[in-house]
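Notes to accompany the following structure.
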Amino acid sequence: MSDPRADYVSDRVPDQVPGQVSDQASPACGRAPASPAVAASDVAVSDVAASGSVSAPASPSGPAGSRGVRTLSEPVRGAVVTVSDRCVSGERQDVSGPLAAELLGRHGVVVDEVVVVPDGVDSVREAITDALASGARVVLTTGGTGVMPRDLTPEATAPLLATRLEGVEAQVRAHGLASTPLAGLSRGLVGVTSREADGALVVNAPGSRGGVRDTVAVIGPLVPHVLDQLGGGDH
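In this note's numbering, the protein residues as written are 5 to 239.
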């Protein structure tokens with residue numbers, strides 16, 4: 005991912021698009037613990053209660069407050085993969101991966117660390133496969149969804165999906181388009197690896213912080229429904 009704008013930027017931070025104060029800097033790229041440094045005001049989503057269950061959203065605004073949306077009865081294991089040549093080389097810090105881990109955590113998806121890999125089909129597919137083998141029920145990649153030559157995250161992901169969720173893909177893009185027309189440039193996929201109880205949800209988010217926020221704002225509230233249906237539960 006040579007330029008974050010190839011994926012799209014909707015958070016308008018100084019190093020990407022002027023107009024908004026930057027998030028706090030994250031640790032340098034590499035395997036890193038998920039960062040907790042995201043203010044609750046950044047996104048209106050559920051918080052993981054101290055008991056381990058997930059609380060109801062604080063307000064009915066946005067995707068998290070839609071009618072019929074349920075919450076996880078207990079946390080599930082997740083994984084975040086940051087896809088970025090520049091991050092791997094040390095030219096830039098990974099800010100999107102730790103943000104994704106934090107926001108997923110507020111929906112009961114526990115991410116222990118963020119894995120950073122270079123752009124390309126083989127590296128991304130291997131990282132997703134490793135995450136699934138480790139037991140992750142939700143895998144989110146960030147980066148490599150644009151149209152630059154090495155933006156190949158969707159191509160790496162597609163063979164791993166038994167069923168794509170095109171409606172959710174469209175919902176993510178629509179959510180992003182409310183902030184920036186660049187959201188339409190993202191080719192990110194959303195789908196499940198199997199339609200059985202052992203299936204997992206795989207999501208491609210853009211490489212920007214705004215793209216991550218948009219993606220998790222839509223995906224987060226849907227996680228309980230997807231996993232419940234894979235387990236044969238009610239809709």
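Glycine residues also receive a C-beta, built at the ideal position from the N, C-alpha and C atoms.
Just so you know, these numbers come straight off a predicted model, no measurement behind them.
Inter-stretch contact (C-beta, 8 Å, three-pair minimum) for the segment 164-184 and the segment 219-237: yes
Sheet register partners of VAL194 (DSSP bridge): VAL207
DSSP beta-bridge partners of GLY82: VAL142
Given 8 Å, three or more beta-carbon pairs between the segment 73-83 and the segment 227-237: yes
Alpha-carbon spacing of LEU144 relative to GLU106, whole angstroms: 12 Å
Which residues DSSP lists as bridging VAL87, in chain order: Bridge partners of VAL87 according to DSSP: VAL121.
Option nearest ALA182 by Cα separation, candidates ALA104, ALA137 and GLY214: GLY214
Segment contact flag, the segment 95-104 with the segment 150-163, C-beta cutoff 8 Å, min 3 pairs: no
CB of ASP126 within 9 Å of CB of ARG154, strictly: no
For ARG168, the residue or residues it bridges with in DSSP: GLY195
DSSP three-state assignment for ASP98, whether helix, strand or coil: Reduced to three states, the DSSP call for ASP98 is coil.
Alpha carbon of THR184 to alpha carbon of VAL142, nearest angstrom: 26 Å
Nearest candidate by alpha-carbon position, reference GLY192, set ARG217, GLY148, GLY235 and LEU186: GLY148
Where GLY195 falls, given that 16 or more other Cβ within 10 Å makes a residue buried: buried
HIS111, enclosing alpha helix (DSSP H) - first and last residue: Where HIS111 is concerned, there is no enclosing alpha helix (DSSP H), given that its DSSP letter is neither H nor E.
Beta carbon of VAL121 nearer than 9 Å to that of VAL128: For VAL121 and VAL128, yes; Cβs fall inside 9 Å.
Integer Cβ distance of SER93 from GLY211, believed to fall under 8 Å: The Cβ separation is near 15 Å, so there is no contact.
Residue environment, ARG199, which counts as buried when at least 16 other CB atoms sit within 10 Å: exposed
Close beta carbons around LEU234, own chain, < 7 Å, minus the five adjacent residues each side: VAL196, ARG199, GLU200, ALA201 and GLY203
ASP232 versus VAL114: straight-line alpha-carbon distance, rounded: 17 Å
SER190, buried or exposed, once every other Cβ within 10 Å from all chains shown has been counted against 16: buried
Extent of the continuous alpha helix (DSSP H) run through PRO225: 213-234
For GLU130, the three-state DSSP class (helix, strand or coil): helix
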